[in-house]
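Accompanying notes for the structure given below.
In this note's numbering, the protein residues as written are 2 to 108.
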């Protein structure tokens, strides 16, 4: 499963670079959780959750509990790296060969 996740993240990074994003970090871990991709574009830091599935709609894997972990990890990332920029949480959903970029997700 981890191999599939890494492949999806590679696809997502290529997609983001083609869209003009600068990739700052991948698989940032803290005791609170993980952020798949940290990217920069238009003076904003984008924390991007990547989900993929061949059978089910992957968006449903981003739960309120997952969002809480992401927010705590973002706080830690911003503090650790002394970042004082605006940020948002985005998602990239990969189902089969379709890629959907969801800007500024909230639950």
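Don't be surprised by glycine CBs; every beta carbon is placed ideally from N, CA and C.
**Asked** With residue 86 and residue 45 assumed to form a contact (beta carbons below 8 Å), what rounded beta-carbon distance in angstroms separates them?
**Response** Cβ-Cβ separation between residue 86 and residue 45: approximately 7 Å, consistent with a contact (criterion under 8 Å).
**Item:** For residue 98, the first and last residue of its enclosing beta strand (DSSP E)
**Value:** Per DSSP, residue 98 belongs to no beta strand (DSSP E) and is neither H nor E.
**Message:** Given a cut-off of 8 Å on the beta-carbon distance, is the pair residue 33 and residue 73 in contact?
**Reply:** yes
**Message:** Please list the terminal residues of the continuous beta strand (DSSP E) segment that includes residue 55.
**Reply:** First-last for residue 55: undefined, no H or E at that position.
**Request:** Output the distance between the C-alpha atoms of residue 39 and residue 55, rounded to the nearest integer angstrom.
**Result:** 25 Å
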